[in-house]
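**Q** Sharing a structure, written as structure tokens. Questions coming.
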Amino acid sequence: MPAVYNDKTAAPWLKASEGANETKKVDKDHGILGKDDFFKLLITQLKYQDPLKPMEDREFIAQMAQFSSLEQMQNLNTSFENFNSKITEELLPGMLMQQSTTLIGKNIAFDNPEWSTDDESGSPVLTGKVESVVVKEGIPYCVVREEGTSNLHEIKANEVVEVGEGSNNTEQLLAAILERLDDRQQIEEGDGYGKQ
Numbered sequence: 130m131p132a133v134y135n136d137k138t139a140a141p142w143l144k145a146s147e148g149a150n151e152t153k154k155v156d157k158d159h160g161i162l163g164k165d166d167f168f169k170l171l172i173t174q175l176k177y178q179d180p181l182k183p184m185e186d187r188e189f190i191a192q193m194a195q196f197s198s199l200e201q202m203q204n205l206n207t208s209f210e211n212f213n214s215k216i217t218e219e220l221l222p223g224m225l226m227q228q229s230t231t232l233i234g235k236n237i238a239f240d241n242p243e244w245s246t247d248d249e250s251g252s253p254v255l256t257g258k259v260e261s262v263v264v265k266e267g268i269p270y271c272v273v274r275e276e277g278t279s280n281l282h283e284i285k286a287n288e289v290v291e292v293g294e295g296s297n298n299t300e301q302l303l304a305a306i307l308e309r310l311d312d313r314q315q316i317e318e319g320d321g322y323g324k325q
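Residue numbers (my numbering): 130 to 325.
Written as structure tokens, this is what we have:
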């Protein structure tokens, strides 16, 4: 016997095609169906199911499992987005700053920011010594004194062409500390004032 439809169930395929058009819009906007879309589809399925052949429990359970899987993937995606923003906003600037501070006291070669291909007298690469590091808008810049001049340049790390040796501050500091320790030991061995 053919199925009989009343006005409420008259054309479930038309409503489904309207839903398909909405799905296409969602795909163009976001590329993913959300849990609300899933529930709408499930409710529509339950609403327009054939009363002589109702939806079986295992089909319903399978769809709920798909929904659960979808929700877990969305949560995972959100977690990755949060992780990415933490790295980008918090960890990366600190790493760049740390990397830039290792250049302090070193001689570097860097791209001349004022040089152009029309400039025959200038050099495309300048050299100088890194004096300090400043941070502007979350980006560290090396403050470089150009060799042979008093010009200061603020250079991003990716503009550094070559890193040479600089003054070895670590060895100088260690030597000064050892010298002070020797002085202190001599004072303690004497009467506390350096006299024996």
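Even glycine gets a Cβ: it sits at the ideal position worked out from N, Cα and C.
Which same chain residues, not among the five before or five after Ala-286, have their C-beta less than 6 Å away from its C-beta?
**A** Excluding residues within five positions, the ones whose Cβ falls inside 6 Å are Ser-229.
**Q** Buried or exposed: where does Val-264 fall if 16 or more other Cβ atoms within 10 Å of its Cβ makes it buried?
**A** Under this definition Val-264 is an exposed residue.
**Q** Which parts of the segment 170-231 are runs of the alpha helix (DSSP H), unbroken and 4 residues or longer, counting only runs that do not cross its ends?
**A** 186-215, 221-230
**Q** How far does the beta strand (DSSP E) with Gly-257 in it extend, from its first residue to its last?
**A** 254-265
**Q** So, under 8 Å CB-CB, Val-262 and Val-290 are touching, yes? Tell me the CB distance rounded to an integer number of Å.
**A** 18 Å between Cβ atoms; not a contact.
**Q** If you draw a straight line from the C-alpha of Arg-309 to the C-alpha of Thr-231, how long is it?
**A** 26 Å
**Q** Go ahead and label Ile-237 buried or exposed: buried means 16 or more other beta carbons lie within 10 angstroms of its beta carbon, across all protein chains shown.
**A** So Ile-237 counts as buried.
**Q** Got a sec, what are the start and stop residues for the beta strand (DSSP E) Asn-236 sits in?
**A** 235-240
**Q** Locate the beta strand (DSSP E) running through Glu-326, then write down its first and last residues.
**A** Because the chain here runs from 130 to 325, residue 326 falls outside it and cannot be looked at.
**Q** What's the gap between the Cα of Asn-150 and the Cα of Ser-208?
**A** Note on Asn-150: pLDDT 48, under 50, position unreliable in the model; no value is reported.
**Q** How big is the Cα-Cα spacing for Phe-212 and Tyr-270?
**A** 26 Å
**Q** Can you tell me whether Ile-216 is buried or exposed, with buried defined as 16 or more other CB within 10 angstroms of its CB?
**A** exposed
**Q** Give the straight-line distance between the Cα atoms of Glu-266 and Asp-186, rounded to the nearest whole angstrom.
**A** 58 Å
**Q** From Ile-284, Leu-170, Lys-182, pick the residue whose C-alpha is nearest to that of Phe-239; which is it?
**A** Nearest of Ile-284, Leu-170, Lys-182 to Phe-239, Cα basis: Ile-284.
**Q** Per DSSP, which residues does Ile-284 bridge with? Please list them.
**A** For Ile-284, which the question treats as bridged, DSSP gives the partners Cys-271.
**Q** How about Arg-274 and Glu-260: are their beta carbons less than 7 Å apart?
**A** yes
**Q** On the three-state DSSP scale, how would you describe Glu-308?
**A** Helix, per DSSP.
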